[in-house]
Every structure is written in structure tokens, then in C-alpha cells.
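What follows is a set of notes on a single structure, which appears directly below.
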Amino acid sequence: MNEQQAQHDVELGVMPFSPEDVIDFIKRNRYDIGQRPVYAVSKGCIDDREHRQKGFLPDVALPGAGLGVVITALGSLDLFRKSHGISGDHDISEFIEDLERAIGTVTYHSDDGDHGENSMLCAGCGHAKGALTKLDTYGIHEDDARFILENYLHNLNARGVSPDLYSGSHNAVAVVVIDDTTTGLPAQDGSGLQVYRYHRSWHKKILDDVCDHTYGFMKRLFPNLNVEDYRKCLNEVAEKQLQVTVDHLAKGKPVVVVQDDNIYLA
Numbered sequence: 039m040n041e042q043q044a045q046h047d048v049e050l051g052v053m054p055f056s057p058e059d060v061i062d063f064i065k066r067n068r069y070d071i072g073q074r075p076v077y078a079v080s081k082g083c084i085d086d087r088e089h090r091q092k093g094f095l096p097d098v099a100l101p102g103a104g105l106g107v108v109i110t111a112l113g114s115l116d117l118f119r120k121s122h123g124i125s126g127d128h129d130i131s132e133f134i135e136d137l138e139r140a141i142g143t144v145t146y147h148s149d150d151g152d153h154g155e156n157s158m159l160c161a162g163c164g165h166a167k168g169a170l171t172k173l174d175t176y177g178i179h180e181d182d183a184r185f186i187l188e189n190y191l192h193n194l195n196a197r198g199v200s201p202d203l204y205s206g207s208h209n210a211v212a213v214v215v216i217d218d219t220t221t222g223l224p225a226q227d228g229s230g231l232q233v234y235r236y237h238r239s240w241h242k243k244i245l246d247d248v249c250d251h252t253y254g255f256m257k258r259l260f261p262n263l264n265v266e267d268y269r270k271c272l273n274e275v276a277e278k279q280l281q282v283t284v285d286h287l288a289k290g291k292p293v294v295v296v297q298d299d300n301i302y303l304a
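Everything in the sequence shown is counted per my numbering, starting at 39 for the first residue and increasing by one.
Pasting the structure below:
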């Protein structure tokens with residue numbers, strides 16, 4: 039969406055805030071998250087209902103939080119399975135353990151409307167729930183989805199990693215893409231304006247570390263696999279999965295890019 043279309047939407051009452059309001063929101067609320075290794079960076083979701091502020095907010099926002107990274111890795115694994123004619127019935131626990139060594143604690147979330155005794159533990163996350171139920175759309179093997187839902191999430195819970203619970207409605211007026219590794223940003227600040235945030239540069243750094251830590255497992259399954267082909271696949275799968283979620287939750291919303299001191303409407 040260009041600036042003219044966004045302004046037209048404001049005039050029609052489709053959006054209560056203009057792109058300029060979003061830019062002011064970013065300038066008012068951005069802060070420095072500092073530099074640290076991938077495993078030490080706390081990972082939240084892009085969800086606009088994230089209400090925590092600086093000091094309590096996860097450092098970076100990714101589709102599906104840490105669980106979304108697991109989902110991307112599994113999507114890449116299944117692409118190579120299919121291209122090499124390998125079934126999905128082998129143990130992936132070592133693969134997940136290698137991934138955890140790369141990214142640290144695997145965070146995830148639900149919401150107060152979908153969190154209950156019989157709900158999947160990530161039911162309130164549009165990205166994770168979508169990926170684990172719309173398997174063909176997100177490129178996830180049914181055995182891997184079953185492992186996540188029936189084993190892995192419960193294992194995380196048993197280790198004390200419970201889902202963050204969001205509340206309220208999706209009211210984002212824009213998507214903020216952060217193309218640097220130092221900017222932190224809340225999803226809302228009490229002014230009524232909410233945004234989806236996506237740390238694109240951090241996402242790439244995280245996937246690079248996932249590639250380095252899980253390549254040994256992949257190489258044993260696929261002896262001819264080149265590490266750079268695997269790295270490229272991880273990034274392409276992540277982009278595809280994110281686009282599916284954006285099309286579902288944020289299609290047509292203006293995109294504002296943050297790149298160090300530059301803030302502009304894409």
C-alpha cells in the first residue's frame with residue numbers, strides 16, 4: 039500500500055491513524071536493545087496484542103516467537119525430505135535439541151480466549167496455530183506437527199516454559215519492519231495505536247545460527263547437502279511462512295521500515 043492509498047483509508051475511516059502517526063509512534067517509543075548473541079536474545083511474537091513495555095518486552099519480534107523458528111526449520115527439513123524421497127518417520131528430537139542450542143529458550147504464546155485445558159498450548163498464536171493446522175499451506179509434515187503439539191510443547195511446559203498470554207483484539211494499523219539489530223519497539227503504548235513488529239535483520243541472524251547448529255543433523259540425512267543451500271532454504275521457507283500469516287492478519291496494511299535512523303513508508 040502506498041502513502042496515497044493509506045491516507046485515503048484514513049479519510050474513509052478504515053484506519054484511525056495515518057502512516058505519519060505510526061512514524062511518530064516509532065520515534066516516541068523506540069529504544070536500544072544492545073548487541074548480544076542469538077541465544078541470549080529474548081524472542082517474542084509479531085502480534086500487535088503484545089502489551090509489555092521496555093524492560094519487560096522480549097528483545098525481538100518474530101512470527102510465532104521462538105516456536106516460529108522451530109516451525110521454519112521443520113518446513114525446511116521437510117522440503118529436503120521430499121526432494122530426496124525420505125519419509126518423515128525418523129526421530130527429530132536431536133534436530134530440535136541442536137536448534138535450541140542455537141536460539142536458547144523456545145518461547146511461544148497463546149491468548150486468554152484460546153488458552154484452556156483442552157486447547158493446544160499455542161492456540162492463540164495465529165502464526166503457530168496456522169502452521170500446525172494448515173500443514174500444506176505452511177509446508178509442515180503431519181508427523182512433525184503432531185510431535186510439536188503432542189510432545190514438544192508439553193515438554194517445554196514441563197521445563198517451565200509456559201506460553202505468554204495476550205489479550206484484546208487485533209487492531210494493528212501498520213506493519214513495522216525493523217531492518218537493524220539495535221532497535222526495540224513495543225506493539226502499543228496506551229495511545230490506542232497498535233502495530234505488528236517484525237525484526238527482519240534479527241530473523242536472518244537467528245536463521246544463520248540455526249543453520250550452523252543443525253547442519254550436522256541435516257548432513258547425516260542428506261549427505262550431498264551444501265550448507266549454503268540449506269541456509270538459503272531456511273530463509274526462503276521463513277519468508278513464505280511469514281507471508282501466509284501477513285496475508286491472513288495484515289493484508290493491505292501500510293508497511294513502515296526502520297533502518298537505524300531512517301524511518302520510511304515502504
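Virtual Cβ for every residue (Gly too), placed ideally from N, Cα, C.
Under the rule that a run must span 4 or more residues, no alpha helix (DSSP H) segment is found entirely inside the region 267 to 293. Per the Cβ contact rule, the region 195 to 209 is not in contact with the region 257 to 265 (fewer than 3 Cβ pairs under 8 Å).
If only complete runs of 4 or more residues are kept, the region 140 to 218 shows the alpha helix (DSSP H) at 164 to 171, 173 to 176, 180 to 185, 191 to 196, in order along the chain.
With fewer than 16 other CB atoms across the displayed protein chains lying within 10 angstroms of its CB, S205 is exposed. Taking I61 as the centre and dropping the five residues before and after it, the same chain places the C-beta of V294, I301 closer than 7 Å to its C-beta, in chain order.
Boundaries of the beta strand (DSSP E) harbouring N300: 300 to 303, taken from the DSSP string. Per DSSP, the continuous beta strand (DSSP E) segment holding Y236 begins and ends at 232 to 237. By a beta-carbon distance limit of 8 Å, V215 does not contact A288. Their separation comes to about 11 Å. When only Cα atoms are considered, K65 and P224 end up about 11 Å apart.
The alpha-carbon of I109 is positioned some 29 Å away from that of D298. Separation of the CB atoms of S114 and L272 is rounded to 5 Å, and the pair is thereby assigned contact status at 8 Å. Pairwise C-beta distances place the region 185 to 193 in contact with the region 158 to 165, as three or more of them are shorter than 8 Å. For L245, the closest of V296, Y268, Q232, I178 by C-alpha to C-alpha distance is Y268. Contact check for A103 against H147 passes: the beta carbons are separated by less than 8 Å. Bridge partners of Y69 according to DSSP: G222. Between the C-alpha atoms of D174 and E135 there is a straight-line separation of about 25 Å. When only Cα atoms are considered, F55 and L187 end up about 38 Å apart. Under DSSP, the beta-bridge partners assigned to Q297 are N300. Here K92 really is in contact with Y69; their C-beta atoms are around 5 Å apart, less than 8 Å. CA-to-CA, the gap between A166 and E58 works out to about 31 Å. In this chain, the beta strand (DSSP E) harbouring L100 covers 98 to 100.
Check the Cα spacing between I130 and each of G254, S229, P201: the tightest is with G254.
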